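Asker: Residue numbers (my numbering), protein chains in the order written: chain S, 63 to 306; chain W, 421 to 617. Here a beta-carbon is modelled for each residue, glycine too, at the ideal position from N, C-alpha and C. A quick note: this is a predicted structure, and the numbers were derived from the prediction, not measured. Structure provided below as structure tokens; questions to follow.
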Amino acid sequence: MTAGFRAAWHVGRVVSRRAETRSAVRLEIEVPTWPGNHAGSHLDIRLTAPDGYQASRSYSIASSGPATRVVLAVDEVLSGEVSPYVVHDLREGDELEVHGPLGRYFVWTPEDPDPAPVQLIAGGSGVVPLFAMADARERQPHGTDFRLLYSARTPDDVFFASELGALTKTRVDIVHTRRSPLGSPRPPGRLTQESLAELTFPAGVAPRIFVCGPTPFVETVSRWLLELGQDPARIRTERFGGSG
Amino acid sequence: MAIINRGFGGRRGTSDPRLPPGQTLVGDWPVLTAGPTPDISTDEWSFTITTETGVQHRWDWGTLHEVGVEDVVTDIHCVTHWSRLGMPWRGVSVDRLFEDVETSCDFVMVRTHDGYTTNVPLDDLLEGQAWIATEADGEALTAEHGGPARLLVPHLYFWKSAKWVAEMRMMPTDQPGFWEQNGYHLRGDPWREERYW
Numbered sequence: 063m064t065a066g067f068r069a070a071w072h073v074g075r076v077v078s079r080r081a082e083t084r085s086a087v088r089l090e091i092e093v094p095t096w097p098g099n100h101a102g103s104h105l106d107i108r109l110t111a112p113d114g115y116q117a118s119r120s121y122s123i124a125s126s127g128p129a130t131r132v133v134l135a136v137d138e139v140l141s142g143e144v145s146p147y148v149v150h151d152l153r154e155g156d157e158l159e160v161h162g163p164l165g166r167y168f169v170w171t172p173e174d175p176d177p178a179p180v181q182l183i184a185g186g187s188g189v190v191p192l193f194a195m196a197d198a199r200e201r202q203p204h205g206t207d208f209r210l211l212y213s214a215r216t217p218d219d220v221f222f223a224s225e226l227g228a229l230t231k232t233r234v235d236i237v238h239t240r241r242s243p244l245g246s247p248r249p250p251g252r253l254t255q256e257s258l259a260e261l262t263f264p265a266g267v268a269p270r271i272f273v274c275g276p277t278p279f280v281e282t283v284s285r286w287l288l289e290l291g292q293d294p295a296r297i298r299t300e301r302f303g304g305s306g
Numbered sequence: 421m422a423i424i425n426r427g428f429g430g431r432r433g434t435s436d437p438r439l440p441p442g443q444t445l446v447g448d449w450p451v452l453t454a455g456p457t458p459d460i461s462t463d464e465w466s467f468t469i470t471t472e473t474g475v476q477h478r479w480d481w482g483t484l485h486e487v488g489v490e491d492v493v494t495d496i497h498c499v500t501h502w503s504r505l506g507m508p509w510r511g512v513s514v515d516r517l518f519e520d521v522e523t524s525c526d527f528v529m530v531r532t533h534d535g536y537t538t539n540v541p542l543d544d545l546l547e548g549q550a551w552i553a554t555e556a557d558g559e560a561l562t563a564e565h566g567g568p569a570r571l572l573v574p575h576l577y578f579w580k581s582a583k584w585v586a587e588m589r590m591m592p593t594d595q596p597g598f599w600e601q602n603g604y605h606l607r608g609d610p611w612r613e614e615r616y617w
């Protein structure tokens, strides 16, 4: 399952960029030597200033499979030094160095023999690797059931909004924490344990669970999942940001 | 084939000779864990060294502290590119725990209370290089950072500093642990950027 896709340094070229949300861009990067990647893996971007100064950061990959066209969705970290450049300054045609693909654990592959349903739970930009998994599942004619529970601040903060709306093999539920779309049956508010229980596969069907988001979100959600009887060995997590 | 990113470098992280290549100084303390944070009380926590002959040396929370807790101020470096400098820790030196251990093995598989493993050469755990840490930043280690106790091997990338440490099992040859089977380097020296293989 984890064979192939060996990590290495590559040079990519930005072939398209567009606004993803109010604070994020979607980049398509053509990496001619890219070996392909599993859904859920990430890469490092290394930027070099004219005087040789370098900085590297890890970003999840929104695409998967053997293609050399790598899709990223990068959210701006206001205090950061790499993401503001990627969001505001990186242009179509620009080249950049990437190292990857990285990570062989927080991944889902269509060849996975586990027949149990797959539950994806995303907080904010943590949806990126989970979208890659849902998208990989979408391209398979047969396979297990997927659900995605996605916590986003407002409708304007939803990544891959049109793609998520078009998924037919993943049931998508979006919980808006600050502002809900017009006509939404659910008032805005933080995810609760009750809505988590209502909007995810129950422990009785022993789902595989992938949780990705800011550290406090992942800590809270994974604790609730354990209290709801989910098996800790079947929960895979990816966190970003500090604990304060 | 150096790629220059024009206009990059306007905002820079703190530069410091204590930062290994590719690392950035952070003020907060990021959390990286493969699964849910386990809830382990000091009553149920224990730490065992198991030799190749099956002999076990075991400490519970009380007997670990009787060995002697020392202050450590050290830099830590995570493979995901962040570092913290001059961080205060308290813990029990692994040297003290190996005082009565008889082994001819050069490698250790470190196992955690939630079942993960990482491999470390014994030479990287002795001579004042590693601790079973119980406090950081002047407070008891929180569960999300590996409390009640984690391994602290600050001269290697921080995934080697296993959270919720439970056991060191002696091995005659270097075998990859959980993280290493998932693409991380067998040794993980930040100064040589031994991140992935």
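List the whole-angstrom C-beta distance separating residue 287/S from residue 456/W, where the pair is believed to meet the contact cut-off of C-beta under 8 Å.
Answerer: Within the first sequence, numbered from 1, the residue matching residue 287/S stands at position 225. Within the second sequence, numbered from 1, the residue matching residue 456/W stands at position 36. The pair is a contact, with the Cβ atoms about 7 Å apart (cut-off 8 Å).
Asker: Smallest Cα separation from residue 492/W: which of 543/W, 460/W, 549/W?
Answerer: In the second sequence, residue 492/W corresponds to position 72, counting from 1. Closest by alpha carbon: 549/W.
Asker: Within 8 Å of any Cβ in chain W, is that where the Cβ of residue 164/S sits?
Answerer: Your numbering for residue 164/S matches position 102 in the first sequence. Yes - at least one Cβ of chain W is within 8 Å of the one on residue 164/S.
Asker: Hey, would you say the C-beta of residue 220/S is under 7 Å away from at least one heavy atom of the ligand PLP?
Answerer: Ligands displayed in this structure: none; no statement on the ligand PLP is therefore possible.
Asker: Excluding sequence positions up to five away, which residues of its chain have a Cβ less than 7 Å from the Cβ of residue 434/W?
Answerer: The count along the second sequence starts at 1 and reaches residue 434/W at position 14. Taken in chain order, the residues that qualify are 445.
Asker: I'd like to know if the stretch 157–173 of chain S and the stretch 100–112 of chain S are in contact, where contact means that at least 3 CB-CB pairs between them fall below 8 Å.
Answerer: Enough Cβ pairs lie closer than 8 Å, so yes.
Asker: Assign residue 600/W to one of two classes, buried (16 or more other C-beta atoms within 10 Å of its C-beta) or exposed (fewer than that).
Answerer: Here residue 600/W refers to the residue found at position 180 of the second sequence. Buried, because 16 or more other Cβ atoms sit within 10 Å of the Cβ of residue 600/W.
Asker: Any residues in the stretch 91–122 of chain S with a beta carbon nearer than 8 Å to a beta carbon of chain W? Which ones, in chain order?
Answerer: Flagged, chain order: 106, 108, 109, 110, 111, 112, 113, 115, 116, 117, 118, 119, 120.
Asker: Check for me: the beta strand (DSSP E) holding residue 289/S runs from which residue to which?
Answerer: For the purposes of this step, residue 289/S is identified with residue 227 of the first sequence, where counting begins at 1. Note, residue 289/S: premise wrong, no beta strand (DSSP E); alpha helix (DSSP H) at 277–289.
Asker: Using the Cβ count rule (16 or more neighbours within 10 Å means buried), how would you classify residue 546/W?
Answerer: Within the second sequence, numbered from 1, the residue matching residue 546/W stands at position 126. With fewer than 16 Cβ atoms within 10 Å of its Cβ, residue 546/W is classed as exposed.
Asker: In the structure shown, what three-state DSSP assignment does residue 67/S receive?
Answerer: Here the question's residue 67/S lines up with position 5 in the first sequence. Coil, per DSSP.
Asker: Let me know if residue 240/S comes out buried or exposed under the rule of 16 or more other beta-carbons within 10 Å of its beta-carbon.
Answerer: Along the first sequence, one-based indexing puts residue 240/S at 178. Exposed, since its Cβ has fewer than 16 Cβ neighbours within 10 Å.
Asker: Identify, in the order they occur along the chain, each residue of the same chain with its Cβ nearer than 7 Å to the Cβ of residue 438/W, setting aside the five sequence neighbours on each side.
Answerer: In the second sequence, counting from the first residue as 1, residue 438/W sits at position 18. Hits under 7 Å: 495, 505.
Asker: Is the shortest distance between the beta-carbon of residue 262/S and the beta-carbons of chain W less than 8 Å?
Answerer: Looking up residue 262/S in the first sequence gives position 200. So, not an interface residue.
Asker: Can you find the residues in the same chain that come closer than 7 Å, C-beta to C-beta, to residue 282/S, ignoring five residues on each side of it along the sequence?
Answerer: Start at 1 with the first residue of the first sequence, and residue 282/S comes out as number 220. Counting only Cβ-Cβ distances below 7 Å, and skipping sequence neighbours, we find nothing.
Asker: For residue 515/W, report the span of its alpha helix (DSSP H) as first-last.
Answerer: As a working mapping, residue 515/W is identified with position 95 in the second sequence. Residue 515/W -> alpha helix (DSSP H) spans 514–517.
Asker: Under the DSSP definition of a beta bridge, which residues are partnered with residue 590/W?
Answerer: Translated into the one-based positions of the second sequence, residue 590/W becomes position 170. Residue 590/W pairs with 528/W.
Asker: Put residue 306/S into one of helix, strand or coil per three-state DSSP.
Answerer: Here residue 306/S is taken as the residue at index 244 of the first sequence, counted from 1. Low local confidence applies: a pLDDT of 41 at residue 306/S is under 50, so the model's placement there is unreliable, with the coordinate-based value given in what follows. Three-state DSSP puts residue 306/S in coil, outside helix and strand.
Asker: Is there a Cβ of chain S sitting closer than 8 Å to that of residue 536/W, yes or no?
Answerer: As a working note, residue 536/W is residue 116 in the second sequence. Not closer than 8 Å to any Cβ of chain S, the Cβ of residue 536/W fails to qualify, so no.
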